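Engineer: Let me give you the structure first, and then I'll get to my questions.
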Amino acid sequence: MVQKVIKRPLLRRYIDRGGATSRPNRAPGDMDLLTVDDLYDQFGEALRRYAVGLAQDEDRADDLVQETLIRVMTHLLLLERLNPHQRQAWLYKTLRNRFLDGERARRRRENLLLQLAWEAEGATYMARALDLSEVLEQIPERYREVLERQHLLGMTSEEIGRELDVPAATVRSRLRLARKWLRAHRSELIR
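First residue of the sequence shown? That's 1237 in the working numbering, and the numbers climb one at a time after it.
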């Protein structure tokens, strides 16, 4: 059997050591084992094309495919029970989720860098921050906490909900009501 070369050395070393195929309660000669190599052979090129479309960057796409395959290693038993279409859907969804997680993390880093850059500007920033803090103080607490978390910290409604111990739908509702409140009181806030 000709083995397909996986470009990523970390993943290749893991597979070579048997990490991708070792399973409890299986005979060594069992031929129906699903391996990462099998999945890579079957879906690797399609996953990479999908990743390039999402990331718009070939290096990031390679990283996404590798992260997905690493995730596969811990879910091989689940994937064995799925039919090929379900496996493909699982792989695509996992790749997409990894991409979205990375984008959220990137947005948070950018917000933090932007905030740090504003602080570095000195007095001008401090005047703006004071104005912003005065405006934020006028917003009711139930709206202020979700607005600050989403717009200043870049958190998603699910993350805010976990932090505040409320459902994500409640967070989205509060954000909608907060924006409505801000529109209604715009003239009072801007003096």
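Glycine is no exception: its CB is placed at the ideal position from the N, C-alpha and C atoms. Note that the coordinates shown come from a computational prediction; the quantities given were computed from them, not determined experimentally.
(1) Should Leu1411 and Ser1393 be called a contact, given that it needs their Cβ atoms to be closer than 9 Å?
(2) Between the Cα of Glu1339 and the Cα atoms of Val1301, Leu1290 and Ala1325, which residue gives the shortest distance?
(3) Among Gln1386, Glu1316, Ile1375 and Arg1344, which residue has its Cα nearest to the Cα of Arg1419?
(4) DSSP state of Gly1338, grouped into three classes?
(5) Below 7 Å CB to CB, which residues in the same chain sit around Tyr1286 once its five sequence neighbours on both sides are set aside?
(6) What are the boundary residues of the alpha helix (DSSP H) that includes Val1402?
(7) Starting from Glu1384, follow the alpha helix (DSSP H) in both directions and report where the run begins and ends.
(8) Tell me where the alpha helix (DSSP H) around Gln1302 begins and ends.
(9) Compute the Euclidean distance between the alpha carbons of Arg1262 and Leu1269, then round it to the nearest angstrom.
(10) Within 10 angstroms of the Cβ of Asp1292, are there 16 or more other Cβ atoms? Answer buried if so, exposed if not.
(11) Taking Cβ positions, are Thr1304 and Leu1283 nearer each other than 9 Å?
(12) What would DSSP say about Ile1396, mapped onto helix, strand or coil?
(13) Under the three-state reduction of DSSP, which class applies to Pro1320: helix, strand or coil?
(14) To the nearest whole angstrom, what separates the beta carbons of Gly1390 and Arg1343, a pair I think is in contact under 8 Å?
(15) Give the DSSP-derived three-state secondary structure of Gly1390 in the structure shown.
(16) If you reduce the DSSP assignment to three classes, tell me which class Leu1349 lands in.
(17) Please report how far the alpha carbon of Arg1296 lies from the alpha carbon of His1421, in whole angstroms.
(18) By the three-class DSSP mapping on this structure, what secondary structure does Leu1283 have?
Structural biologist: This is what the structure gives:
(1) Counting from 1 along the sequence shown, the entry for residue 1411 is found at position 175. Counting from 1 along the sequence shown, the entry for residue 1393 is found at position 157. In this structure, Leu1411 sits near Ser1393, with a CB-CB distance shorter than 9 Å.
(2) Along the sequence shown, one-based indexing puts residue 1339 at 103. Nearest option by C-alpha distance: Leu1290.
(3) Taking the first residue of the sequence shown as position 1, residue 1419 is located at position 183. Per the C-alpha coordinates, the member of Gln1386, Glu1316, Ile1375 and Arg1344 positioned closest to Arg1419 is Ile1375.
(4) The residue labelled residue 1338 in the question sits at position 102 within the sequence shown. When DSSP states are grouped into helix, strand and coil, Gly1338 belongs to the helix group.
(5) In the sequence shown, the residue the question calls residue 1286 occupies position 50. For Tyr1286, where only same-chain residues beyond five positions count, the Cβ hits under 7 Å are Tyr1328 and Leu1331.
(6) For the purposes of this step, residue 1402 is identified with residue 166 of the sequence shown, where counting begins at 1. Looking at the DSSP string, Val1402 is not in any alpha helix (DSSP H), and its letter there is neither H nor E.
(7) Here residue 1384 is taken as the residue at index 148 of the sequence shown, counted from 1. Boundaries for Glu1384: no alpha helix (DSSP H) harbours it, and the DSSP string shows neither H nor E there.
(8) In the sequence shown, the residue the question calls residue 1302 occupies position 66. From DSSP, the alpha helix (DSSP H) with Gln1302 extends over Glu1294 to Met1309.
(9) Here the question's residue 1262 lines up with position 26 in the sequence shown. Here the question's residue 1269 lines up with position 33 in the sequence shown. Since pLDDT at Arg1262 reaches only 47, below the 50 mark, its modelled position is unreliable, and no value is offered.
(10) Along the sequence shown, one-based indexing puts residue 1292 at 56. Inspection of the sequence shows that residue 1292 is occupied by Gln rather than by Asp. The residue in question, Gln1292, is exposed, as its Cβ has fewer than 16 Cβ neighbours within 10 Å.
(11) Within the sequence shown, the letter at position 68 stands for residue 1304. Within the sequence shown, the letter at position 47 stands for residue 1283. Contact: yes.
(12) For the purposes of this step, residue 1396 is taken as residue 160 along the sequence shown, with counting starting at 1. In the three-state reduction of the DSSP assignment, Ile1396 falls in the helix class.
(13) By one-based count along the sequence shown, residue 1320 stands at place 84. Residue state, collapsed to three classes: helix.
(14) As a first step, residue 1390 must be located in the sequence shown, where it is residue number 154. As a first step, residue 1343 must be located in the sequence shown, where it is residue number 107. Contact flag correct, Cβ pair sits at about 5 Å.
(15) By 1-based counting over the sequence shown, the position of residue 1390 is 154. In this structure, Gly1390 counts as coil in the three-state DSSP scheme.
(16) Reading the sequence shown from its first residue, position 113 is the one you call residue 1349. Residue state, collapsed to three classes: helix.
(17) Within the sequence shown, residue 1296 is the residue found at index 60, counting from 1. Within the sequence shown, residue 1421 is the residue found at index 185, counting from 1. Taken atom to atom, the span from the alpha-carbon of Arg1296 to that of His1421 is near 44 Å.
(18) By one-based count along the sequence shown, residue 1283 stands at place 47. The answer is helix: DSSP assigns Leu1283 an H, G or I state.
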